[in-house]
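Peer 1: Residues are numbered in my numbering as their position in the sequence shown, beginning at 1, plus a constant of 3.
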Amino acid sequence: MALKVENKELTLIEKFYIREVFLGLWITVSHFFRNITLHILHLFGLAKDKSAAVTYQYPEERYDHPPRLRSLHRLTKREDGSPRCVACMMCETVCPADCIYIIAGEHPDPIIEKYPTRFDIDEGRCIFCGFCVEACPEDAIRMDTGILEFTAYTRADMIHTMDMLLARKGKFED
Numbered sequence: 004m005a006l007k008v009e010n011k012e013l014t015l016i017e018k019f020y021i022r023e024v025f026l027g028l029w030i031t032v033s034h035f036f037r038n039i040t041l042h043i044l045h046l047f048g049l050a051k052d053k054s055a056a057v058t059y060q061y062p063e064e065r066y067d068h069p070p071r072l073r074s075l076h077r078l079t080k081r082e083d084g085s086p087r088c089v090a091c092m093m094c095e096t097v098c099p100a101d102c103i104y105i106i107a108g109e110h111p112d113p114i115i116e117k118y119p120t121r122f123d124i125d126e127g128r129c130i131f132c133g134f135c136v137e138a139c140p141e142d143a144i145r146m147d148t149g150i151l152e153f154t155a156y157t158r159a160d161m162i163h164t165m166d167m168l169l170a171r172k173g174k175f176e177d
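1) For the segment 128 to 140 against the segment 55 to 68, do three or more pairs of beta-carbon atoms, one drawn from each stretch, fall closer than 8 Å, so that the two count as touching?
2) Where does Arg6 land, buried or exposed, given buried means 16+ other C-beta within 10 angstroms?
3) Which word fits Pro113, buried or exposed, when buried means at least 16 other C-beta atoms lie within 10 angstroms of its C-beta?
4) Under 8 Å, with one C-beta from each stretch per pair, do the segment 155 to 163 and the segment 120 to 133 reach the 3-pair mark?
5) Can you tell me whether DSSP reads Asp123 as helix, strand or coil?
6) Counting only the same chain and skipping the five closest in sequence on each side, list residues whose C-beta sits under 8 Å from that of Gly37.
7) Nearest-angstrom Cα distance between Lys117 and Ala107?
8) Out of Leu169, Gly173, Lys174, point me to the one whose CA is closest to Asp83's CA.
9) What residue from Met167, Thr58, Leu41, Cys91 has the CA that sits closest to Thr3's CA?
10) Is the distance from the Cβ of Arg150 to the Cβ of Phe122 below 8 Å?
11) Alpha carbons only, please: which of Cys91, His110, His76, Val97 is nearest the one belonging to Ser85?
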């Protein structure tokens, strides 16, 4: 069943958005003066029961992020220290940003069919969607490092190699 929407004709004042602009300014100014007044009262020990807007003073004050937050990637290891990845290419295939690059090779252990000889992630292109983590059948790639601040001077420095990904620890790991 289709929803019928009536289009009403706008008045001259509504066409120029004059009232809406002033209404938005009024709301912004009223919030500003309310918060500044409450902060001044808090300085003198008054109105402690009413809360004002709070800003984190970054980087001195840090926000506690939820544990499910997606941060920088890492590769997990087997007990022998080799990467758990079996180079199935599912993470590379599912990545919408096309930022994962894998080259597969034969593993020396006959039980394990193959492993990545090269595993690169271009963090500059990554959109942190987490599809690679969901697609991995071996739980080899995770986004639980807790590293949210990373910078580089060049695009080449944003490409993280397999050695870098294996060296990272999870935020809640020992």
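Cβ coordinates follow ideal geometry from the N, Cα and C atoms, glycine included.
Just so you know, these numbers come straight off a predicted model, no measurement behind them.
Peer 2: Taking the geometry as given:
1) With the cut-off at 8 Å, the segment 128 to 140 and the segment 55 to 68 do not touch.
2) The sequence given here places Leu at residue 6; Arg does not occur at that position. By the 10 Å Cβ count, Leu6 comes out exposed.
3) Answer is exposed; the Cβ neighbour count stays below 16.
4) Below 8 Å, enough C-beta pairs join the segment 155 to 163 and the segment 120 to 133 to call them touching: three or more.
5) DSSP places Asp123 in strand when its eight states are reduced to three.
6) Reading off the sequence shown, one finds Arg at residue 37, where the question assumed Gly. So the list reads Ala55, once near-sequence residues are dropped.
7) In a straight line, the C-alpha of Lys117 is about 6 Å away from that of Ala107.
8) Here the closest residue by C-alpha is Leu169.
9) It is not possible to answer for residue 3, since the shown part of the chain is limited to 4 through 177.
10) Per the sequence shown, residue 150 should be read as Ile rather than Arg. No.
11) Among Cys91, His110, His76, Val97, the Cα nearest to that of Ser85 belongs to His110.
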